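> One structure is given below, represented as structure tokens, and several questions about it will come after.
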Amino acid sequence: MLSTRPRLRATLLRILQAFPVVVGVVVISFVLTRALPGDPAVYFAGASADQESIEQVRVAMGLDKPILQQFVIYIGDLLQGDLGQSLSTGRPVAVDLANRLPASLELTLTALLLAIVIAVPLGVLAATRPGSWVDHLCRVVVTAGVSLPTFFTGILLIYILYYLLGVAPSPLGRLDFIYLSPEHITGFYLIDAALVGDWETWWGAAKQLMLPAVTMALFTLAPIARMTRAAMLSALSADFIRTAKAAGLSNRKVLYSYAFRNALLPVVTTLGMVFSFALGANVLVEKVFAWPGIGSYAVEALVVSDYAAVQGFVLTMALLFVALNLCIDLLYTAIDPRIGFLSQ
Amino acid sequence: MTDTSSRRDFLKMGMAGASVLPFLKSLPASASGGDTIVVVTGQTINSLDLHRSGTSRASYQVGVNCYDRLLSFGTKEAIGGGFSYDYTVIEPELAESWTESEDGLTLTFKLKPNAKFWDGRKVTAEDVKWSFDRAVSVGGFPSVQMKAGGLVRPDQFVAVDEETFVIKLDRASKLTIPDLAVPVPYIMNSVEAKANATEEDPWALEYLHQNPAGSGAYKVARWEQGEQLVYERNEDWVGGPLPAIKRVIIREVPSPATRRALIERGDVQMAFGIPDKDAAELADKIDVFSTPVENCIHCLCPNFAFEPFQDPDVRKAIAYAVPYEDIFQAAAYGRGLPLYGGEKDINDIAWPRKTHYYTDLDKAKEHMAKSGYADGFDVTMSISLDLASWMEPTALLVQEALGKIGINVTIEKIPGANWRTAVLVEKRLDLHLENFGGWLNTPDYYFFWAYKDGHLFNSSNYRNEEIEELVDSSLHMPMDDPEYAPKIKRMFEIALEDLPRIPLYQPALNVAANGAEGYEFWFHRQLDVRPLKSV
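Sequence lines, in order, name chains G and L.
Last residue of the first sequence: 344 (the working numbering), numbering continuous.
Last residue of the second sequence: 1535 (the working numbering), numbering continuous.
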């Protein structure tokens, strides 16, 4: 059956190929967290703990066992789908991640969507009118986007829109305190609120999302606009465009059906990259806007050497990236039929 | 402007006007004006149970706001505005009265007969015993803190009858009674806890971590970790006067800049633990309370394990070279209390106290010349990245000053996670900054932790036989004992002569309020929401 459905076969093959990657990530994250010089037992024993109570904590955390034994225990738990218990939050890591990953994803995806809506048309326009004011605008936006750190843009936006003008809602996280968070279905507040038809909360969540999403979008639209412009320029100067023009095809047809479609490949690649680093770079935006996302979770876990939480985070990110790469590969074949999985 | 102003109106009106908001659907309030206060803080509450290992300092507030202890501290006016707990006044909380036996070894507590847990069950001596047993048995920080008051084993606690609880001590100590009023020995609903305990977890640490079961002034209405904690008033509280505020919302906002924008605009009523810089700048716009933290000193510590620091003249040279005023202004923005330029004669037992050192480079150079290191030496000064806000400017100023007397300082920054291990456990940092503060406010208690050989906060590896003896003999001695004051004064003399810790300044805890009053400082440096009122 698989031989008759090449795409399914290729997808399964891809997933199989991801296995060594995930195993490698598990091993590396385990070793690296242990290699951190901090001593979690000392940290978690608290401010005035003596040697004895530090030892008690160490035993309770299982850190007195040899490292190999700790690894075997960890793998055993992992195979049962147990990511372990976070010491700092005192909850299963899986629960923490399930709570926090949607917050980050909601923010990142909204920001990315916003960035695409602005950056792709901007890039196309800039490429079709090189040297014009659109091109210059594109250059300015791109330069500003990459050169302004996100926490700075964030604070600046808060200062102007919230503090001075008072048009933005208070930067208090995902929802202002007068709202109750919607029932947990997907963890995305916008989706959850819409599903239960609670538009009041939906609007509340959307308002809170705006400033951080704009901050992130400013940061992420730079590479997308840049890549769109470059890809469009090279596509427009290709022979087949000249042929198409010579054949008398309409400008519109040439631009969108031939040039843009060919330019899409590098843009999609960039999108994948931007998405991955945006999810990581989130942490600064999360701090400024009190966003309870996965980035600040990971940083806090790292600061206190909370092994299980750090490992769980790294593993989740790895799985996310594997899935993302798979999606992008599949997108490639949809965009450009010449890239087949058959050849592999 | 509409969003924010409508929200502020909503707060002013109380809950009555905005009946369509979802908050009200699920938390209906028969409220009049100003019964909600929103507090922002940069710290994370990671557990509702202080006894769990790994519970963050911010979580200690739950122990005070949601649970009762047998005793509590009184209130006094604080330096720097607002109020403070009063270490010298002990007030009953769950206990109605208590007596001490002649020899001071038996403490008998009568519980308030009308005290009830949130589930309506009467608070009994059995609950007190179970809670105390738990605190001394779970290990880690709670057990250490109980030990400071001489509370070590479960057999010391006896529930005589429903309302009578007895503590038997191995030796009488002035620290026992105050230690019963710190956040640790709080009373839990033992029936509810036991119903949720398991064989591996006999103390219900898992359950109480997320489900508090107390009798305190506030219940936890909602807790979303990493986001917010919502306190709701317990209308049946008997531990003290009923709080004025019905609901207090603690929101976690990590960025200080965001917190500042929120408090300045008045969208939140209180910002807890703001940086010294913000406190200094906000002081003339809104209410800012900068309470000097009792029994806490920011110190420069020369480590005796590093050879040049074994030379007393080198340590004195440093003490005269340190630019105290510059540090106080640059690191603390003048918040807190300076600790230099005092009298040399020690006439009282106040601690922290002004030392007789002050910035005098000539004197410093004299001492350097007299020492065995007249040509100077190189040393590494370590600071924690987590505490960089005060440590970094301090370190730079110390580096510059010591350079003038021939001590070449290199600054090393240590990540927060490694700091405690390096400075307190391994005690391997040659020159470093340290900020110990003792919960129990007596000088001997400070010295016990910070000057006794091998003790956790003695990061300088200091040992002095006389100090060892003085601390041991004064630690449990009543403060009105005629021998007490002379011993303490002698301790100060030796410590300020030997200088294993060079006091820089007493730090402050800064809290900004815009629409709330009644703030009270507590030694555990967390917010007591019970006395808060709306303005």
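Positions of the beta carbon are idealized from the N, C-alpha and C atoms, including for glycine.
On a predicted model such as this, the values are computed, not experimentally measured, just so you know.
1) Using the C-alpha atoms, what's the distance from threonine 1442 of chain L back to phenylalanine 1073 of chain L?
2) Quick one: is tryptophan 1522 of chain L buried, meaning 16 or more other Cβ sit within 10 Å of its Cβ, or exposed?
3) Check the C-beta distance from phenylalanine 177 of chain G over to isoleucine 1249 of chain L and give it rounded, since I have them as a contact under 8 Å.
4) Go through its chain and collect everything with a Cβ distance to aspartate 1326 of chain L's Cβ below 6 Å, but skip five positions before and after it.
5) May I ask you to list, following chain order, the residues of the region 1294-1327 of chain L that have a beta carbon less than 8 Å from some beta carbon of chain G?
6) So which of L/Gly1226, L/Lys1370, L/Glu1077, L/Leu1107 has the shortest CA-CA distance to threonine 89 of chain G?
7) Would you check if there are 3 or more beta carbon pairs closer than 8 Å linking the region 1178-1187 of chain L to the region 1142-1155 of chain L?
8) Give the interface partners of isoleucine 158 of chain G over in chain L, defined as CB-CB distance under 8 Å, in chain order.
9) Where does the unbroken beta strand (DSSP E) through isoleucine 339 of chain G begin, and where does it stop?
10) Mind pulling the alpha helix (DSSP H) runs of 4 or more residues that sit fully within the region 110-165 of chain G?
11) Beta carbon of glycine 1336 of chain L, beta carbon of proline 1302 of chain L: below 8 Å?
12) Identify the residues that DSSP records as bridge partners of asparagine 1408 of chain L: which are they?
13) Here's a check: name, in chain order, each residue in its chain whose Cβ is nearer than 8 Å to the Cβ of aspartate 82 of chain G, leaving out the five neighbours to either side.
14) Closer than 8 Å, CB to CB, is aspartate 1267 of chain L near chain G or not?
15) Can you check whether the CB of serine 1215 of chain L is closer than 8 Å to the CB of alanine 1115 of chain L?
16) With DSSP run on the structure shown, which of helix, strand or coil describes histidine 1432 of chain L?
17) Below 8 Å on the Cβ atoms is my guess for leucine 1361 of chain L versus lysine 1316 of chain L; work out the distance and round it to an integer in Å.
18) Closer than 8 Å, CB to CB, is serine 1030 of chain L near chain G or not?
19) Can you list, in chain order, the residues of its chain whose CB lies under 7 Å from that of phenylalanine 1309 of chain L, leaving out five sequence neighbours each side?
20) Spatial neighbours of isoleucine 294 of chain G within its chain, please: CB distance less than 6 Å, with the 5 preceding and 5 following residues excluded, ordered by chain position.
21) Can at least three beta-carbon pairs, one atom from the region 136-148 of chain G and one from the region 240-260 of chain G, be found at a separation below 8 Å?
22) Quick one: what's got a C-beta closer than 8 Å to threonine 128 of chain G's C-beta in the same chain, skipping five residues either side?
23) What does the alpha-carbon distance come out to for the pair valine 1230 of chain L and isoleucine 67 of chain G?
24) For chain L, find out if any of its Cβ atoms is closer than 8 Å to the Cβ of tyrosine 307 of chain G; answer yes or no.
25) Quick check on histidine 1432 of chain L - is its C-beta less than 8 Å from some C-beta in chain G?
26) From valine 1238 of chain L to valine 1123 of chain L, what distance separates their C-alpha atoms?
27) How is the alpha helix (DSSP H) around glutamate 1465 of chain L delimited, first residue to last?
28) Please classify glutamate 1517 of chain L: does DSSP put it in a helix, a strand, or coil?
29) Arginine 1233 of chain L CB to nearest chain G CB: under 8 Å?
30) Where are the beta strand (DSSP E) runs, 3 residues long or more, that stay fully inside the region 211-241 of chain G, in chain order?
31) Can you have a look at alanine 205 of chain G and say buried or exposed, based on whether 16 or more other CB atoms are within 10 angstroms of its CB?
32) Near lysine 1370 of chain L, which residues of its chain fall below 6 Å by C-beta distance, leaving aside the five closest residues on each side in sequence?
33) Would you identify the three-state DSSP class for lysine 1219 of chain L, choosing helix, strand or coil?
34) So, is the C-beta of alanine 1516 of chain L closer than 8 Å to a C-beta in chain G?
35) Between serine 21 of chain G and valine 322 of chain G, how many whole angstroms is the CB-CB distance? I'm expecting something under 8 Å.
36) Any chance the region 1428-1436 of chain L sits against the region 1379-1387 of chain L, with 3 or more Cβ pairs inside 8 Å?
In short:
1) Using only the alpha carbons, I get a separation of about 15 Å.
2) Its Cβ being crowded by 16 or more others within 10 Å, tryptophan 1522 of chain L is buried.
3) Sure, about 5 Å apart at Cβ, within 8 Å.
4) Correct list, in chain order: Leu1397.
5) Answer in chain order: no residues at all.
6) The residue with the shortest Cα to Cα distance from threonine 89 of chain G is L/Gly1226.
7) A contact exists between the region 1178-1187 of chain L and the region 1142-1155 of chain L.
8) Simply Ala1257, Thr1258, Ala1261.
9) Where isoleucine 339 of chain G is concerned, there is no enclosing beta strand (DSSP E), given that its DSSP letter is neither H nor E.
10) Considered as a whole, the region 110-165 of chain G harbours 133-147, 150-157 as its complete alpha helix (DSSP H) runs of no fewer than 4 residues, in chain order.
11) Not a contact, by the Cβ cut-off of 8 Å.
12) DSSP, once it has assigned bridges, lists L/Asp1378 as partnering asparagine 1408 of chain L.
13) The beta carbon of aspartate 82 of chain G sits closer than 8 Å to the beta carbons of Pro92, Ala94 from its chain, once the five residues preceding and following it are set aside; these are given in chain order.
14) Yes, aspartate 1267 of chain L counts as interfacial toward chain G.
15) Yes, the pair counts as a contact, with Cβ atoms nearer than the cut-off.
16) Note: histidine 1432 of chain L maps to strand in three-state DSSP.
17) Taking C-beta atoms under 8 Å as the contact rule, leucine 1361 of chain L and lysine 1316 of chain L fail to qualify, at a distance of about 13 Å.
18) Note that serine 1030 of chain L scores a pLDDT of 34, beneath 50, so its modelled location is shaky and nothing firm can be said.
19) If we look at phenylalanine 1309 of chain L and ignore the five residues flanking it on each side, its Cβ neighbours are Pro1302, Asn1303, Arg1315.
20) Correct list, in chain order: Arg100, Leu101, Ser104.
21) The region 136-148 of chain G, when compared against the region 240-260 of chain G, does not touch it at the 8 Å Cβ threshold.
22) The residues are Met232, Leu236, Leu255.
23) One alpha carbon belongs to valine 1230 of chain L, the other to isoleucine 67 of chain G, and they sit about 41 Å apart.
24) Under the Cβ distance rule, tyrosine 307 of chain G does not count among the residues neighbouring chain L, no pair being separated by less than 8 Å.
25) Not a single CB atom of chain G sits nearer than 8 Å to the CB of histidine 1432 of chain L.
26) Taking the straight line from one Cα to the other gives about 11 Å.
27) Residues 1465-1474.
28) In the structure shown, glutamate 1517 of chain L adopts extended strand secondary structure according to DSSP, grouped into three states.
29) So, not an interface residue.
30) Runs of the beta strand (DSSP E) spanning 3 or more residues and lying entirely within the region 211-241 of chain G do not occur at all.
31) By the neighbour-count criterion, in which 16 or more other beta carbons inside 10 Å mark a residue as buried, alanine 205 of chain G falls on the buried side.
32) Cβ within range, chain order: Asp1313.
33) Lysine 1219 of chain L falls in the strand class under three-state DSSP.
34) No Cβ of chain G is located within less than 8 Å of the beta carbon of alanine 1516 of chain L.
35) Position check: residue 21 of chain G holds valine in this sequence, whereas serine was assumed. At roughly 6 Å, the Cβ-Cβ gap stays under 8 Å, so valine 21 of chain G and valine 322 of chain G are in contact.
36) The region 1428-1436 of chain L vs the region 1379-1387 of chain L: in contact.
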